[in-house]
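S.K.:
What follows is the structure in structure tokens.
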């Protein structure tokens, strides 16, 4: 039998400055507890994504110092990393109510790495006035993460209005041809707004880590 | 051998009020001439779509009364139908320079059926100010046809701003995932703006015939 | 944590003349109740689509003035809008018994906006006599919405027979290559009948809003 | 180097009663001549499909007894097989002018095997009266082959009207989502008319061989 | 509300010689009972496909004269139609154990229409000797229906060996790229064996109705 | 006829700090000349992408001050923008010789906006030593753009090794399943390296504009 | 009714040297027991794949000599085959914790055929040092099976480093575009490392049988 | 401008025992000459794949010691590597005449690495007797490479008959759903014959390198 031991990439924090995220969806209650215990033993921070309410409750009953974030469906262990707040803030935007879960995963992942965040929900392009009335909130952000399901137009509209890095985060919300998030993903990749960046469907953690890379890229300036 | 004779649907005009359109792309110079001669013989109007410059020139050399519309890549025979101008006007909008050919096919098809038209080109969402500055042009239209390639967001933005029927017309402009017009089509079908209607990629004639059906639906009111 | 507050687009009624529809499928019982209470507080009409029997029952137990329409799987709040009946009637047609749910969503959405409706069920093209025997019912409609799963031929056949606007509404009924509604959608988009319009798979509400736009486009005539 | 010799399946005629068809599209002028010479040497019949005009002319210049059928884009060698005419006739139907090439390949393949054929072109469902006015032509056929591109509804409508075997033959005519024949193929496979049979896109020869199998299946009755 | 009444195509038996099949998968226990009662009232035969064990048991408890065929997951009402046995027999073949359900649906549909059937299960091409050792069973059949999931090679191999009509019936058995039956369907459509016919994935009833059309095509011979 | 006039988004430079890029692939020699003349008239910089050798030569013969960059298949007008070099440098990496064209489009677009660039070609993962031997070149870059066709693993490997922003740029190089760049795109979107960003296939200009947004995001820090 | 009897390919062991594997996923508890009893009756070895915990427990309660391997989700009957250990060992590698199930199916299938195995888990390319630090484990293997989900880069990196046969085994782990394993499969097929071999998604048994064929190919050397 | 220099992986021969293959399809005459000159200068062997007749002729005119293999569309430089013939022979099989080019690329690549080869062309499954009559040729091979387009059944049939490693090589021959080789690829991946290995469509070189890895894996036995 294959040894069950998980070889976590403990060097990731040193190498990339990122907390290792454990993808919880296909892991059992027992597997997640075992992983978290190992992190606890070495006093490391941990982030477990895609943990539903039921599984989370059982884990919280077993492990004391773990916290559950129900909107983001994530478990965390330990306190957020420190980061110089002057590096700037990341704005997380979403087009509709159904995108909130993915937006929350991104927002939590940012905060766990010490990044300042702001949020703007429900400003989809079907009612453009909701977006245009909030433009000054965008001027305060260094990076903008835009969650959108359905036809995914929101990141295109925003990237045409502002000069900052915009990360399109497609969401698997929809039905028919938009179900699964594919229409939204294709729309973002095809964007006529120059320089829109894209990550995988529902990948809130990935969008956050990309924003972290951008925020911390100051270290690689040529002083 | 199968008899080469084309059985055109001459009843279409009577039944649907539409001129029969001949799809010219895969027809030879000889086939198109033969079809047009038959229309001429019965003094009927005709519209041949997707005829490139070279084929058109040879046909114009052969048949006198035919006209070529190079922007729309269409041939026409006969003069436009009459229609009551008070039924209202159709506005044809396009997002980028590359959509002009499809927009022109739609616009010509409308005019051949006697419909008043207006056109707004190059108002893509990557520069939203171009669209927002033209909003009053939209209030004069009864139906709006919106051509868009790439990520196809324009019809969604417009259908969120105005109450009239909006017909999304995806255009096969792009590269990578947007090549062939599929991303644009999916985007329009997935639109979060309620009531956006869609036709096949590059189907300028179809969008025009849908607008014609709408314009003439007054006949089916319950006076 | 992201504030849970839903920013509904209350301007939609004023701007587009449409009641905001809430997509109920991925919302919890609690979320739907919260939204409906806010509508109640401001005496607004509301339409919640894709609510199954179980969820509906719990909501009806909690909120008094809400109504459930089981065939359409929709909840409504408030009474329908008023609309001039002389604007004409919309005919909702379906090919098979399994399309009834989607047809009912379209029909209810129309009635909530004050539009007169008629319905013809089970007239699929596999038994063409059922359709041909009902043709005079079509002459009384200003717009026809045609629901079809499987191979989706029905809208093509109807759009070849009548001059009114025809909206093809693909239904996710089928198995193998027709499962999910994709074959039906492609068939409608590819239609050889000129001017057939299409909306997303199962999008009964969208088809209805498109019909509403058409019916009310009289306001944009050039008197 | 791999020996260039072609190992033709000369047993096919004995085993299946079918003339071997050579797929000419990707073969050079030299390769086709070489193959035909070998057939000539053994006095066998041959059928080469998908040979364009230019290649055909060069081959006709080289090999005397070969015949070219330009509508079907096929070369034949030798005279048709004999078959008892009382076995019945095959009707080849097409929806539009652009399907004629594929229909002609099917019709020629049938005639080369001695089968009686009839043809009905240009009876697409967009003008249903053209089909309904010809129904008695269908009662004389034992098998019906129906060619259709675009949305491919024609075989579904026909298979709902007649009890004979109907073979749907999708044609790669169209643009946008119907380009390549895929929408038509999916439509036929999804058909709500029970017992519709389907072959690959543009496979006129295959549809003919299927009809041959049906016509000759009398040999396997239980007298 | 849309009237719930089902408009069954009672003319189908007269027109096509086929019993109407009701697709049971998405219908509730109540809907199926209601339909069957109407058939009972007019003493008609009925076939309901895709009914799982649980639903079937409840229906059998309610309606007396109904029979359940668990292997085929079908309900039937009434006794099979009469058919001249000399018209020949249909052989139903399957490649693997997992195809048995679809094979059984085909076989039952044939028997309900009075057709003689034979069955050969588990003769997949991975062990070719199993097929080659049974070849004489094929010589007794007039039509062969071949069920296959996975890579779907079996119909190709059989159609290369025998001259009768072969109907490929792809089965949604598999995983990875073969899950859902798509690889099997594509394989059958692409077959290098001339004249292989194909129906939709899992469409046992459709394959049977196609065989019925073939068997009864004798009526259209030219005596 | 639709007025041919191009409405360029002259505000883009002011709004986004980006030179407008004209997509040259589907534009004629005449159209490109007309556009460039208008830029010349207002002394603006311009970038035209996807212009092949032949078209470029004709344009250079007509317009004096235009420059052609054959490796990048781009035309430029005017001199590069000024940018503070201390903002840091962008490293453009490619996996194979065939990616050079796309890499060059990215590199030129960066230089036209005043950004310092470095290039590393031919360091594909099939020979990992080529990459590992060059790691210190990566430590000098603030942003890394990684071009890769075929299976597209290179950006994943690099993003696992360095903490800077990495932009995956899929290239349409390959054959079979990798033809068109789709396998590479999916691979980058699916990456197990956290925070890898992706743009459309062959979109060298887009990758460059994303890097520009990142480099200039310093303006949005919270000093 | 179709006879339920399973015709197992008992010759497979003699012909191919492989134990027949029964695919347990879609088989019921009763079916699996029946099959295993027949194997027991003839004292043959058996391997049943894809059996979940619940089904396995019921089977173990019924049949004594059966063993369950929970990590691999497989049942086995009988003891492993004998094989000369000098033929060499197979190394099974996986990129992430979630691939362990598929890796275990491969590993168990190898051991049941008497092959020596070694395992390396959790050495994904996102942390390349984990792989590079284990290279000498690879030099002891004759064949390497590499399991990978997500973007599937691991087999490409390994096949570029070692000269032995490498079998890429895509795993259906992921979400968005990587869900279902398709991105991983395409990546492996597109690999720029020469001679990488691929099997179907999640096909652990298949990868093992391919390794067995390679290990035993010594019998076909030309001594 | 990016330096044009190609960084060839000269270590590949030492590391993997493989000659570097240059993919010639998208390289110009000049680029190929430049690469070959560099190989010549260091007296290394080279293989350039996918070079058409015209390009080859120009190169042969320029470089003396280069050889063109027209059936395989490959150029080679230098003489084949030496390999112990007792390691065994590789049999290259193809289903149809149109697969010969891909088969020849595989066969040449094997010979350039010193491997003994045998070839069997035109033994497709549509005429199974051609394959069954040649079975003893298979017993002399250590590895079998099977090229197949269309429905790609041949590797499945062969892998069910013989115990050696079988490498399925899908060929982009076909039309409709089989065009591009996708049906063939899916068929091979889905194969019900255990242990069939697969490479990318048309990847003759890749299949050969996989066979080389297998043949040379003797070095990793445990003596």
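Residue numbers (the UniProt record's numbering), protein chains in the order written: chain X, 1 to 223; chain U, 1 to 223; chain B, 1 to 223; chain L, 1 to 223; chain W, 1 to 223; chain G, 1 to 223; chain C, 1 to 223; chain V, 1 to 223.
Idealized CB from N, CA, C, for every residue including glycine.
(1) Between residue 95 of chain W and residue 148 of chain W, is the Cβ-Cβ spacing less than 7 Å?
(2) Leaving out the 5 sequence neighbours to the left and right, which residues in its chain are closer than 7 Å to residue 60 of chain L when beta-carbon positions are compared?
(3) State the Cα-Cα distance for the pair residue 11 of chain C and residue 126 of chain G, rounded to the nearest angstrom.
(4) Please tell me whether residue 217 of chain V and residue 85 of chain C are closer than 7 Å, where the distance is taken between their beta carbons.
(5) Nearest chain W C-beta to residue 201 of chain C closer than 7 Å, yes or no?
(6) Look at the alpha carbon of residue 128 of chain X and the alpha carbon of residue 131 of chain U, and state the distance between them as a whole number of angstroms.
(7) For residue 94 of chain B, which residues in chain X fall below 7 Å Cβ to Cβ?
(8) In terms of residue numbering, what span does the beta strand (DSSP E) encompassing residue 68 of chain U cover?
(9) For the region 132-145 of chain U against the region 162-179 of chain U, are there 3 or more C-beta pairs whose distance is under 8 Å?
(10) Which runs of the alpha helix (DSSP H) spanning at least 4 residues fall entirely within the UniProt domain "PurE" (88-220) of chain X, listed in chain order?
(11) Would you say residue 190 of chain X reaches chain B, if we count a Cβ-Cβ gap shorter than 7 Å as a contact?
(12) Would you mind giving the Cβ-Cβ distance between residue 176 of chain B and residue 200 of chain W, rounded to the nearest angstrom? I have them listed as a contact below 8 Å.
(13) Does any C-beta atom of chain W lie closer than 7 Å to the C-beta of residue 176 of chain B?
(14) Assign residue 83 of chain G to one of three DSSP states: helix, strand, or coil.
(15) Grab me the residues of residue 74 of chain B's own chain with a C-beta within less than 7 Å of its C-beta, minus the 5 sequence neighbours each way, in chain order.
(16) Looking at the C-beta of residue 156 of chain G, does it have a partner C-beta in chain E at a distance below 7 Å?
(17) Compare the C-beta of residue 98 of chain B with all C-beta atoms of chain W and state if any pair is closer than 7 Å.
(18) Using DSSP bridges, identify the partner residues of residue 19 of chain B.
(19) Which chain U residues are close to residue 172 of chain G, counting only those with a beta carbon under 9 Å from its beta carbon?
(20) Please list the terminal residues of the continuous alpha helix (DSSP H) segment that includes residue 63 of chain X.
(21) Should residue 168 of chain X and residue 150 of chain X be called a contact, given that it needs their Cβ atoms to be closer than 7 Å?
(22) Cβ of residue 80 of chain V within 7 Å of Cβ of residue 111 of chain V?
(23) Quick one: what does DSSP say residue 41 of chain U is sitting in, helix, strand or coil?
(24) Which word fits residue 53 of chain X, buried or exposed, when buried means at least 16 other C-beta atoms lie within 10 angstroms of its C-beta?
(25) Which residues in chain W sit within 8 Å of residue 209 of chain L, going by Cβ to Cβ distance?
(26) Might you give, ordered along the chain, the residues of its own chain that have their beta carbon closer than 6 Å to the beta carbon of residue 156 of chain C, omitting 5 neighbours on each side?
(27) Under 7 Å, Cβ to Cβ, is there at least one residue of chain C near residue 128 of chain G?
(28) In whole angstroms, give me the CA-to-CA distance for residue 62 of chain C and residue 33 of chain C.
(29) Using CA atoms only, rank isn't needed, just tell me which of W:103, W:35, W:99, W:92 is closest to residue 76 of chain W.
(30) Please state whether the Cβ-Cβ distance between residue 99 of chain X and residue 171 of chain X is less than 7 Å.
(31) Report the residues of the region 140-166 of chain W with a CB closer than 9 Å to any CB of chain L, ordered along the chain.
(32) What do you reckon, are the CB atoms on residue 186 of chain B and residue 159 of chain L nearer than 7 Å?
(33) Do the CB positions of residue 91 of chain G and residue 173 of chain G come within less than 7 Å of each other?
M.R.: Walking through what the data contain:
(1) yes
(2) 66, 68
(3) 41 Å
(4) no
(5) yes
(6) Their Cα atoms are separated by approximately 12 Å.
(7) The premise fails here: residue 94 of chain B is roughly 17 Å from chain X at the closest Cβ pair, so nothing lies under 7 Å.
(8) 66-69
(9) Contact holds: three or more Cβ-Cβ distances are below 8 Å.
(10) 100-112, 128-132, 135-138, 154-161, 182-189, 204-215
(11) no
(12) Yes, they are in contact, since the Cβ atoms of residue 176 of chain B and residue 200 of chain W sit about 4 Å apart, within 8 Å.
(13) yes
(14) Residue 83 of chain G falls in the coil class under three-state DSSP.
(15) 47, 48, 49, 51, 105, 108
(16) In the structure shown, chain E cannot be found, because the protein chains are X, U, B, L, W, G, C and V.
(17) Residue 98 of chain B has a beta carbon lying within less than 7 Å of a beta carbon in chain W.
(18) Beta-bridge pairing links residue 19 of chain B to no other residue.
(19) 175, 176
(20) From DSSP, residue 63 of chain X is part of no alpha helix (DSSP H); its letter is neither H nor E.
(21) Taking 7 Å as the Cβ cut-off, residue 168 of chain X and residue 150 of chain X do not qualify as a contacting pair.
(22) yes
(23) DSSP places residue 41 of chain U within a helical segment (H, G or I) once states are collapsed to three.
(24) exposed
(25) Under the 8 Å cutoff, chain W gives 194, 195.
(26) 191, 193
(27) yes
(28) 8 Å
(29) W:35
(30) yes
(31) 140, 141, 142, 143, 159, 160, 161, 162, 163, 164, 165, 166
(32) no
(33) Residue 91 of chain G is not a Cβ neighbour of residue 173 of chain G, given a cutoff of 7 Å.
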